[in-house]
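>
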Amino acid sequence: MKPFSTARATGVHDALHQISTAPDARFVAGGTNLIDLMKYGVEAPSRIVDITQLPLGRIEETPDGGLRIGALARNSDMAAHPLIRTRYPLLSEAILAGASAQLRNAATAGGNLMQRTRCYYFYDIAFTQCNKRNPGSGCAALDGFNRIHAILGASEQCIATNPSDMNVALAALDALIRVEGPSGVRVIPIGEFHRLPGDTPQIDTNLKPGELITSIHLPPVTGNPRSHYLKVRDRNSYAFALVSVAAWMKIDGGNIIDARIALGGVAHKPWRVPEAENLLKGKPPGEAAYRAAADAIVQGARTYPNNAFKVELAKRSVVRALTTAEARS
Ligand SMILES: Cc1cc2nc3c(=O)[nH]c(=O)nc-3n(C[C@H](O)[C@H](O)[C@H](O)COP(=O)(O)OP(=O)(O)OC[C@H]3O[C@@H](n4cnc5c(N)ncnc54)[C@H](O)[C@@H]3O)c2cc1C
């Protein structure tokens, strides 16, 4: 591991100052992703800024009836929080589908938003070709073992996926991400937070250099949404999603009046297709409607030698997640 210096930030402004002292400095929260990447030699910051002492761990209701989740809230505290379990059970379910109890005790909301891909070729520096790790070097996954890779939104430069479960639920819940940086405060809708790889796969998110995530906001819940998070993976625990689906809908008068479907494991960011969601609106709930939406979601999918199975898996997972959500009230 390359030598690095550490600093412990005493407040948000101190954190912003500390991060500005070296262009390759990184914040560290739970450390469950960054420290791994440093040990593997994938990331080699000259300075890390410990933000764990910042007062950003609270989960609280906002005056409009929504929820503010501090960036340092632990994943286990989020999943167990009464307001999340009762009002946003989709988020609780998604977090509990991820990692292990020990990891969730350490992992934070902000760190989870920022976690990097689990592409084997990104993680293993023995492979020199990785545009995400080493821009311009190529993509070993294109001609390699690409079973876990993207089927939607990928580019010739990168076919990696976003590995997070939490992010998929946040996408279906229309979360807002509050960040603070040298130019002040910004609020980024979750759909614009993560990026598609395009020509710059080394940039995962639209967070600017030196910006700190301070909180995640969930809009107030109205009506009686039903939801389900379905995660399909090689092992039943402690494995990343091959495909996951966060399904959320409202049914009234025998028809679906609102629907959101976000997919994980299929793209470089949580994947939503508004046209597919619109297909459900005004229709009676049931397999016919769910199949039509599922077909629309995977339209335009591009597969690679080892991951063609993901198209059918994604379609079936969408139908199953919506069917399970429908049965809940
Ligand atoms: C064995 C294993 C299995 C796992 N399985 C799953 C799984 O099934 N599903 C899943 O979703 N996840 C899984 N994870 C990933 C885990 O959820 C992440 O490692 C964790 O959420 C990262 O949070 P952290 O606080 O530890 O981040 P850190 O490691 O501290 O930081 C990660 C990145 O976020 C940045 N960062 C952290 N906080 C902030 C902030 N407030 N503002 C700006 N940048 C910030 C850091 O600079 C760093 O770049 C697994 C991890 C491991 C090790």
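If you read the sequence shown in the numbering used here, its first letter stands for residue 498, the second for the next number, and so on. Don't be surprised by glycine CBs; every beta carbon is placed ideally from N, CA and C.
(1) According to the Cβ coordinates, are N572 and L610 closer than 8 Å?
(2) Could you name each continuous alpha helix (DSSP H) segment of 4 residues or more that falls completely within the region 502-558, going from the start of the chain to the end?
(3) Give the list of continuous alpha helix (DSSP H) stretches no shorter than 4 residues that lie fully inside the region 716-786.
(4) Return the chain-ordered ranges of every beta strand (DSSP E) run that is complete within the region 546-618 and spans a minimum of 3 residues.
(5) Would you check if the distance between the CB atom of C636 and the CB atom of I656 is smaller than 8 Å?
(6) Just mark P520 as buried or exposed, buried being the case when its beta carbon has 16 or more other beta carbons within 10 Å.
(7) Rounded to a whole number of angstroms, what is the C-alpha to C-alpha distance between G554 and D749?
(8) I think G508 touches L551, with their Cβ atoms under 8 Å apart; what is that distance to the nearest whole Å?
(9) My guess is that V676 and I710 are in contact by the Cβ rule of under 8 Å, so how many angstroms apart are they, rounded?
(10) What three-state label does DSSP hand T702 in the structure shown?
(11) Taking L650 as the reference, which of A811, K766, D671 has the closest Cα?
(12) Please classify S495: is it buried, with 16 or more other beta-carbons within 10 angstroms of its beta-carbon, or exposed?
(13) Give me the Cα-Cα distance between E809 and K728, rounded to the nearest whole angstrom.
(14) Secondary structure at T658, three-state DSSP: helix, strand or coil?
(15) From the DSSP output, in three-state form, read off E677 for me.
(16) Excluding sequence positions up to five away, which residues of its chain have a Cβ less than 6 Å from the Cβ of T800?
(17) DSSP on I687, reduced to helix/strand/coil?
(18) With respect to 7 Å, is the separation between the Cβ of F524 and the closest non-hydrogen atom of ligand 1 below this value?
(19) Measure from the alpha carbon of L760 to the alpha carbon of each residue in V742, N659, V770, then state which is nearest.
(20) For P782 versus E823, is the C-beta spacing smaller than 8 Å?
(21) Whose CA, out of N721, P579, R683, lies closest to the CA of N703?
(22) How many whole angstroms separate the CB atoms of V778 and D792, which I take to be in contact at a CB cut-off of 8 Å?
(23) Compare the beta carbon distance of L513 and G681 with 8 Å and say whether it is the shorter of the two.
(24) Is L709 helix, strand or coil by DSSP?
(25) Using 7 Å as the cut-off, classify the Cβ of A668 as near or not near the heavy atoms of ligand 1, replying yes or no.
Considering the structure as presented:
(1) no
(2) 509-516, 531-536
(3) 771-777
(4) 556-558, 564-567, all fully within the region 546-618.
(5) yes
(6) exposed
(7) 37 Å
(8) 7 Å
(9) 5 Å
(10) strand
(11) As written in the sequence, residue 650 is Gly, which differs from the Leu given in the question. Answer by Cα proximity: K766.
(12) No answer is possible for residue 495: it lies beyond the span of the chain, which begins at 498 and ends at 826.
(13) 15 Å
(14) Note: T658 maps to coil in three-state DSSP.
(15) strand
(16) I648
(17) helix
(18) yes
(19) Comparing Cα positions, the closest option is V742.
(20) yes
(21) R683
(22) Note on identity: in this sequence residue 778 is Lys, with Val being the wrong assignment. About 16 Å separates the CB atoms of K778 and D792; that is not less than 8 Å, and the two are not in contact.
(23) no
(24) strand
(25) no
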